[in-house]
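Protein chains in written order, with the working numbering: chain A, 1 to 261; chain B, 262 to 558.
For glycine and all other residues, C-beta sits at the position ideal for the given N, C-alpha and C.
Okay, so here's the structure we're looking at.
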Amino acid sequence: MKSLRIQQVSKHFQGVVALSEVELEVRPGEVLGLIGPNGAGKTTLVNVITGHLKPDTGTVSVGDQRISGLRMETIARHGVARTFQHLRLVDEMTVFDNVLSGRHLNYRARPWRIGSLRGEDRSNREVTLDLLSRLDLAGAAAERASSLPYGMRRRVEIARTLAMEPSVLLLDEPTAGMTAADAQELGEMLQRTSREGIAVLLIEHNVKLVTSVCDRLAVLDWGKLIKTGTPEDVWSDPAVRAAYLGAEDEEAPSPSPEVSQ
Amino acid sequence: MLEWFSTNQFFIDITLINCLLVLSVFAVFQAGVFSLASVGFMSVGAYTTAILTTKEGLPMGVGIIVAAVGTALAGLIVGLIVLRLEGIYLALATLALAQAVLVLIETISLTGADQGIIGIPTVTTTWIVIPILMVVAAAFQVVHRSHHGRAIHLLRADPVIARSLGVRVRGYKLAALAVSGLLAGLAGALNAHEVGAISPDQYTFSLLVIALTYAVVGGVAYWLGPLVAAIGLGLLNEFLHGSGTTIETAVYGFVLIALMFGAPQGLGDPRLRGLVTAAVRWRRPRRNTAELEEIRQ
Numbered sequence: 001m002k003s004l005r006i007q008q009v010s011k012h013f014q015g016v017v018a019l020s021e022v023e024l025e026v027r028p029g030e031v032l033g034l035i036g037p038n039g040a041g042k043t044t045l046v047n048v049i050t051g052h053l054k055p056d057t058g059t060v061s062v063g064d065q066r067i068s069g070l071r072m073e074t075i076a077r078h079g080v081a082r083t084f085q086h087l088r089l090v091d092e093m094t095v096f097d098n099v100l101s102g103r104h105l106n107y108r109a110r111p112w113r114i115g116s117l118r119g120e121d122r123s124n125r126e127v128t129l130d131l132l133s134r135l136d137l138a139g140a141a142a143e144r145a146s147s148l149p150y151g152m153r154r155r156v157e158i159a160r161t162l163a164m165e166p167s168v169l170l171l172d173e174p175t176a177g178m179t180a181a182d183a184q185e186l187g188e189m190l191q192r193t194s195r196e197g198i199a200v201l202l203i204e205h206n207v208k209l210v211t212s213v214c215d216r217l218a219v220l221d222w223g224k225l226i227k228t229g230t231p232e233d234v235w236s237d238p239a240v241r242a243a244y245l246g247a248e249d250e251e252a253p254s255p256s257p258e259v260s261q
Numbered sequence: 262m263l264e265w266f267s268t269n270q271f272f273i274d275i276t277l278i279n280c281l282l283v284l285s286v287f288a289v290f291q292a293g294v295f296s297l298a299s300v301g302f303m304s305v306g307a308y309t310t311a312i313l314t315t316k317e318g319l320p321m322g323v324g325i326i327v328a329a330v331g332t333a334l335a336g337l338i339v340g341l342i343v344l345r346l347e348g349i350y351l352a353l354a355t356l357a358l359a360q361a362v363l364v365l366i367e368t369i370s371l372t373g374a375d376q377g378i379i380g381i382p383t384v385t386t387t388w389i390v391i392p393i394l395m396v397v398a399a400a401f402q403v404v405h406r407s408h409h410g411r412a413i414h415l416l417r418a419d420p421v422i423a424r425s426l427g428v429r430v431r432g433y434k435l436a437a438l439a440v441s442g443l444l445a446g447l448a449g450a451l452n453a454h455e456v457g458a459i460s461p462d463q464y465t466f467s468l469l470v471i472a473l474t475y476a477v478v479g480g481v482a483y484w485l486g487p488l489v490a491a492i493g494l495g496l497l498n499e500f501l502h503g504s505g506t507t508i509e510t511a512v513y514g515f516v517l518i519a520l521m522f523g524a525p526q527g528l529g530d531p532r533l534r535g536l537v538t539a540a541v542r543w544r545r546p547r548r549n550t551a552e553l554e555e556i557r558q
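This is how it looks when you write it as structure tokens:
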């Protein structure tokens, strides 16, 4: 079990501050919700963690291993899995193959050991089928990914990341395009998944979902981390309410799970 | 039929050797590398075995193996140089390297300059080429069905997804260039031992265009497509030339356009394969459980 540690991370784009000295830890077994207005730097932070972007300063570590500055594929090999804000699947592949491709790092047998190779392939296929069942996708296993509705495609992307058996899971607006019931179900599934010792960082605009699912929330505004704490602490903070709504407002998000976006 | 085979043996051998060249192009294209170095590798393979067998007196087998291994290494070196580039820039860099090799061949005395090399033992036969092609096809099939095949598909479709799943994109692309070099070198060596004489003007840009056409018409999704395209279009081309008409080029062009419209992803297009599978199984409608069981296997 490993935690994700972000220390003093800053990132600029041609003079525009995207992230400014962000300091954050996601512990194993917890779901941390990363929230903030559009353009706050949430996706940039995920891109920095996964190696898609290099930080100007600061470090990112998984457990004791520093991962900032490494290639994306090497960071994935350190147990970091992600979904994308703009859904990314291989459309012409079947749902099963899309999810099975998440098992790439679990193929370790030497090519000349044909027996081990077959056994390994079978067990990876079993894990994939199990994941498809867990995410209610088994019936669509043989369908091409492009033929599915958007909400199901989102679930396929999440299944692919879970297939990696990651230590750190980064989900960038995973419930976009889902019904409220599906989103809540997914949130509960994420909670169960995190209890297996995975550190989950959830970027989400659905206030009700993050409030009910996340153990802690972190709020980014203009690239700065302005508050970290339990959902109750965060929503009662005047600075957060101002950042989220642009000003102090009577209708600011409430800590009650009944309040939706 | 047997008579046709015996009278057309040279054409059959050349077509099968061309299949290796087309698979060399396919190997890089399926990994998303737009390399145009295949004909350059082919010339290196041909000259390597020609020099080893005519000037050093080594047996043909040794010449072909050294040619194939040498061009695989050349592919690796080319990869280390050009993989910093992408798309059209990579294509131009590989083409430039291949042309530079040809200029070198035309210049130095070891390769016979523009006169080339003659007296190469003509020992290539259909029964040597077919097993080689079968081994290559089997290797492509094994890779296609393995997790490496999925990784290659991923990095062609979306390198960002591939890298986020831990696929070492650069490693796969280097391997693709090495395999491409190996196959083209093998094709060049077998071709040299088929025709018995080689010169720089055999490795022209038009040969590259033919190989590219077959690879594109065949598609980058599945190795069988380029193989079918190389054999089918090679036969069609030969038939049209033999028919004595003056419109053969127009007919050939029309067939190519029709194929590209009919199967835009090539003959290996999953939809085409789906049609073939459906036609084979028309008596046995597929059910979801059967499909899942098939996937499980």
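Can you check DSSP and say which residues form a bridge with residue i?
i	result
histidine 12 of chain A	A:Val17
leucine 221 of chain A	In the sequence as displayed, the identity of residue 221 of chain A is aspartate instead of leucine. Bridge partners of aspartate 221 of chain A: A:Lys224.
glutamate 25 of chain A	A:Arg5
threonine 465 of chain B	Looking at the DSSP assignment, threonine 465 of chain B forms no beta bridge with any residue, so it has no partner.
threonine 276 of chain B	Bridge partners of threonine 276 of chain B: none, in fact.
isoleucine 35 of chain A	A:Val219
alanine 81 of chain A	A:Leu169
glycine 508 of chain B	It should be pointed out that residue 508 of chain B corresponds to isoleucine in this sequence rather than to glycine. DSSP, once it has assigned bridges, lists no residue as partnering isoleucine 508 of chain B.
isoleucine 378 of chain B	B:Ile459
arginine 144 of chain A	A:Thr94
I'd like to know if residue i contacts chain C, where contact means its C-beta is closer than 8 Å to some C-beta of that chain.
i	result
leucine 435 of chain B	Absent from the structure is chain C; the protein chains it does hold are A and B.
Mind listing the chain B neighbours of residue i? Cutoff is C-beta to C-beta under 7 Å, in chain order.
i	result
valine 207 of chain A	Residues of chain B passing the Cβ test: none, with the nearest at roughly 28 Å.
tyrosine 107 of chain A	His408
threonine 50 of chain A	Ser425
methionine 72 of chain A	Arg424 and Ser425
For residue i, return the contacting residues in chain B, with the cut-off set at a CB-CB distance below 8 Å.
i	result
threonine 44 of chain A	Those do not exist, as threonine 44 of chain A stays about 15 Å from chain B at its closest Cβ, beyond 8 Å.
leucine 202 of chain A	Ordered by position in chain B, no residue passes the 8 Å Cβ test against leucine 202 of chain A, which lies about 17 Å from the chain.
glutamate 165 of chain A	In chain order: nothing, as chain B lies at least about 11 Å away.
Can you name the residues of chain A whose CB is closer than 9 Å to the CB of residue i?
i	result
glycine 486 of chain B	Correct list: empty, because the minimum Cβ distance to chain A is about 14 Å.
For residue i and residue j, which I take to be in contact (beta-carbon distance under 8 Å), what is that distance rounded to the nearest angstrom?
i	j	result
glycine 8 of chain A	glutamate 21 of chain A	What sits at residue 8 of chain A in the sequence shown is glutamine, not glycine. Yes, they are in contact, since the Cβ atoms of glutamine 8 of chain A and glutamate 21 of chain A sit about 5 Å apart, within 8 Å.
isoleucine 325 of chain B	threonine 310 of chain B	6 Å
leucine 297 of chain B	leucine 444 of chain B	That pair is no contact at about 15 Å.
alanine 307 of chain B	alanine 453 of chain B	4 Å
arginine 154 of chain A	leucine 45 of chain A	So it is not a contact: roughly 21 Å between Cβ atoms.
isoleucine 381 of chain B	isoleucine 459 of chain B	7 Å
threonine 128 of chain A	alanine 163 of chain A	6 Å
glutamate 23 of chain A	leucine 225 of chain A	7 Å
tyrosine 107 of chain A	glutamate 120 of chain A	6 Å
valine 339 of chain B	leucine 358 of chain B	6 Å
leucine 415 of chain B	serine 101 of chain A	6 Å
valine 343 of chain B	alanine 354 of chain B	5 Å
threonine 195 of chain A	asparagine 98 of chain A	It should be noted that the sequence gives arginine, not threonine, for residue 195 of chain A. Arginine 195 of chain A to asparagine 98 of chain A, Cβ: 26 Å. No contact.
aspartate 215 of chain A	glutamate 30 of chain A	4 Å
glycine 301 of chain B	leucine 363 of chain B	7 Å
alanine 145 of chain A	aspartate 91 of chain A	5 Å
Check each candidate in the options and name the one with the smallest Cα separation from residue i.
i	options	result
leucine 217 of chain A	A:Arg27, A:Ser10 and A:Gly15	A:Arg27
glycine 446 of chain B	B:Val403, B:Gly479, B:Ala418 and B:Leu334	B:Leu334
serine 425 of chain B	A:Trp222, A:Ala76 and A:Ser10	A:Ala76
glutamate 509 of chain B	B:Ala519, B:Leu497 and B:Leu520	B:Leu497
leucine 341 of chain B	B:Ala437, B:Ala519 and B:Val384	B:Ala437
leucine 34 of chain A	A:Tyr244, A:Leu201, A:Ala239 and A:Asp237	A:Leu201
glycine 151 of chain A	A:Pro238, A:Ala183, A:Thr211 and A:Glu232	A:Ala183
leucine 528 of chain B	B:Met395, B:Glu499, B:Leu488 and B:Gln376	B:Leu488
histidine 205 of chain A	A:Ser236, A:Ala199 and A:Val213	A:Val213
leucine 468 of chain B	B:Ala491, B:Ala398, B:Gly457 and B:Leu485	B:Ala491
glycine 322 of chain B	B:Val403, B:Val470, B:Tyr475 and B:Thr385	B:Thr385
threonine 230 of chain A	A:Trp222, A:Val210 and A:Gly223	A:Val210
threonine 559 of chain B	B:Val396, B:Phe271, B:Ile349 and B:Val456	One cannot answer for residue 559 of chain B here, as it falls past the ends of chain B, which runs 262 to 558.
isoleucine 278 of chain B	B:Thr387, B:Ser370, B:Phe295 and B:Arg345	B:Thr387
Going along chain B in order, which residues have a C-beta closer than 9 Å to the C-beta of residue i?
i	result
alanine 76 of chain A	Arg424, Ser425, Leu426, Gly427 and Val428
arginine 82 of chain A	Ser425
glutamate 173 of chain A	None at all; the shortest Cβ gap to chain B is about 16 Å.
Which residues in chain A have a C-beta closer than 7 Å to the C-beta of residue i? List them in chain order.
i	result
leucine 415 of chain B	Val90 and Ser101
Give the interface partners of residue i over in chain A, defined as CB-CB distance under 8 Å, in chain order.
i	result
valine 478 of chain B	Going along chain A, no residue has its Cβ under 8 Å from valine 478 of chain B, so there is no contact; the nearest lies around 18 Å.
aspartate 419 of chain B	Arg88 and Val90
Which ranges would you report for the beta strand (DSSP E) in the segment 164 to 228 of chain A if only whole runs of at least 3 residues count? 168 to 172, 199 to 203 and 216 to 221
Which complete beta strand (DSSP E) runs does the segment 53 to 102 of chain A hold, if anything under 3 residues is left out? 57 to 62 and 80 to 82
Secondary structure, alpha helix (DSSP H): runs of 4+ residues fully inside the segment 386 to 440 of chain B: 387 to 406, 408 to 418 and 420 to 425
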